[in-house]
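J.: Here you go, one structure.
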Amino acid sequence: MNKQKINARQGWIAVIFCLFTFDVIACSCMRPMLIENWNDNQHVFIAEITDIEVIEQADPQHHRSGKEHGYFEIRQVFKGSPELVTHLAAANKPICCNCSTKLQAGTYLVFANETGEKRLTSCSTSRPVKWLSYHLEVLQMLKAEIAPIRYSGIYDRQLGTFLIEDELRTTVIHEYASTKQGNKLYLDIEAYPLNNGDLFLVNIHSETAVK
13 MNKQKINARQ GWIAVIFCLF TFDVIACSCM RPMLIENWND NQHVFIAEIT
63 DIEVIEQADP QHHRSGKEHG YFEIRQVFKG SPELVTHLAA ANKPICCNCS
113 TKLQAGTYLV FANETGEKRL TSCSTSRPVK WLSYHLEVLQ MLKAEIAPIR
163 YSGIYDRQLG TFLIEDELRT TVIHEYASTK QGNKLYLDIE AYPLNNGDLF
213 LVNIHSETAV K
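The sequence shown begins at 13 in the working numbering and counts up by one.
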């Protein structure tokens, strides 16, 4: 599979507002794309938090968010040796605006290069599974080393839809963001077809503006 990075970092800007009830405090960050995460991390797995231990209490008056450790059981392995990661770490109480976040009960998709502790922030690529959509489906295909399919057609920037040339149907391309000028582009791409009919972008061969 061609590992070409897709467009100048095609990272999406995630602006996380002050949502105290969700334990996430104002922070603006750029997350890498899923393919980039896969290529850049040694361990990719699903972890279920089984115990959360307070290591340091938060001290908001002194702008200290404290620390908690989340111990987990490995539920699914996509890549690497996740047993080398001993625990997740996050804030005891998130404080604006240091990108801190609090651990939640439930399952996480974890991307890690570390052994031992994996620190989480509100900008982390490791996130609760309930926040994800197509990610697990794509990771299964990456794990199985399934080859992406070649597609060509017209992308309508205003509608955000892709008219597949050979199928004469429109769909959505996840993780595609062009820097090319023009409302309509002729694309030659490789992508994974998802169960709902959408496409997940793997590689771009060409983008050409059309009238």
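All C-beta atoms in this analysis are idealised placements derived from N, C-alpha and C, irrespective of residue type, glycine included.
Label M42 either buried or exposed according to how many other C-beta atoms from any shown protein chain fall within 10 Å of its C-beta, with 16 as the threshold for buried.
T.: Under this definition M42 is an exposed residue.
J.: Just the C-alpha distance for I61 and G82, rounded to the nearest angstrom, thanks.
T.: Distance between the alpha carbons of I61 and G82 is about 6 Å.
J.: Is the distance from the Cβ of T133 to the Cβ of T113 below 7 Å?
T.: Their beta carbons are under 7 Å apart, which means T133 touches T113 by this criterion.
J.: Take every Cβ of the region 152 to 161, pair it with every Cβ of the region 179 to 194, and state whether three or more of those distances are shorter than 8 Å.
T.: The region 152 to 161, when compared against the region 179 to 194, does not touch it at the 8 Å Cβ threshold.
J.: So, G92 versus Q54, is the Cβ gap smaller than 7 Å?
T.: Contact: yes.
J.: So, helix, strand or coil for I185, using DSSP?
T.: Of the three classes helix, strand and coil, the one that applies to I185 here is strand, per DSSP.
J.: Quick check: the Cα distance between E166 and N207, rounded to an integer number of angstroms?
T.: The identity of residue 166 in the sequence shown is Ile, whereas the question assumes Glu. Roughly 21 Å separates the two Cα atoms.
J.: In or out: I201 buried (at least 16 other Cβ within 10 Å) or exposed?
T.: The residue in question, I201, is buried, as its Cβ has 16 or more Cβ neighbours within 10 Å.
J.: Looking only at DSSP bridge pairs, what is D200 linked to?
T.: In the DSSP output, where bridge partners are listed per residue, D200 has S164, S218.
J.: Is it true that the CB of N104 sits closer than 7 Å to the CB of G78?
T.: Yes.
J.: When the Cα atoms are used, what is the spatial distance from G194 to Y204?
T.: Going by the C-alpha atoms only, they are around 25 Å apart.
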